[in-house]
Amino acid sequence: MPEFTYVAQDANGKEKKGNVIADTPQMAVETVTAEGLVVLSVKEANALTRELNITFGRLVKPRDLSVFCRQFVSMLSSGVTVIAALDMLSGQTENKYMAKALREVQTDIMKGESLGNAMGRQKKIFPQIMVSMVKAGEASGKLEIAFERMSEHFEKAARTEGMVRKAAMYPIIVAIVSIVVSV
4 MPEFTYVAQD ANGKEKKGNV IADTPQMAVE TVTAEGLVVL SVKEANALTR ELNITFGRLV
64 KPRDLSVFCR QFVSMLSSGV TVIAALDMLS GQTENKYMAK ALREVQTDIM KGESLGNAMG
124 RQKKIFPQIM VSMVKAGEAS GKLEIAFERM SEHFEKAART EGMVRKAAMY PIIVAIVSIV
184 VSV
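Numbering (my numbering), first residue to last: 4 to 186.
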């Protein structure tokens, strides 16, 4: 199937760009419109466009996972169903990879998969530790506790990552300042 590049606007007027795989340009427009976007343009992606659509780093950061877990457990505690929670969260997240993965997890669950197995299919988004915790939470009937613990885990990971980044920046700044001063 061909790949199409699109430019669209969300409900707030914010421009969104991306790629979608579809049989025809009309089907590409329908797919993007189904995500709640207003399509401004659609064109078939050429080889160069596809090659430039490379993601650097991780698709989802620990902070994104922590926020997802915290919001998900909050919704479950309020009596919202898993499918409804996934639907709401996929519409709220700004990370397009996370949103797409949540929609796919929701679809898999509606087809009869367990939450753990559905999340396990999204290997680039959900780490194995998270999938294992979800499966354990489902088996024990303590899914909310599993998500609370994962939220704490990813929050700590995000803090640690931030501290490492700050620590790594100091020598770079010192080197730049010393070069500027010596010139």
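Cβ coordinates follow ideal geometry from the N, Cα and C atoms, glycine included. For clarity, every value in this text was computed on a predicted model and none was experimentally measured.
In this structure, Leu79 places its C-beta atom within 8 Å of the C-beta atom of Glu147. For Ile128, the closest alpha carbon among the candidates Leu62, Ser143, Lys138 and Val167 is that of Leu62. Straight through space, the alpha carbons of Ala48 and Glu33 are spaced by roughly 17 Å.
The stretch 122 to 136 makes contact with the stretch 149 to 161: 3 or more CB pairs, one atom from each, lie closer than 8 Å. For Phe150, DSSP records no beta bridge to any residue. Under a 10 Å Cβ-count criterion, Pro65 is classified as buried, with 16 or more other Cβ atoms of the shown protein chains found around its own Cβ. Proximity to Val70 across Met122, Asn98 and Val180 peaks at Asn98, based on C-alpha coordinates.
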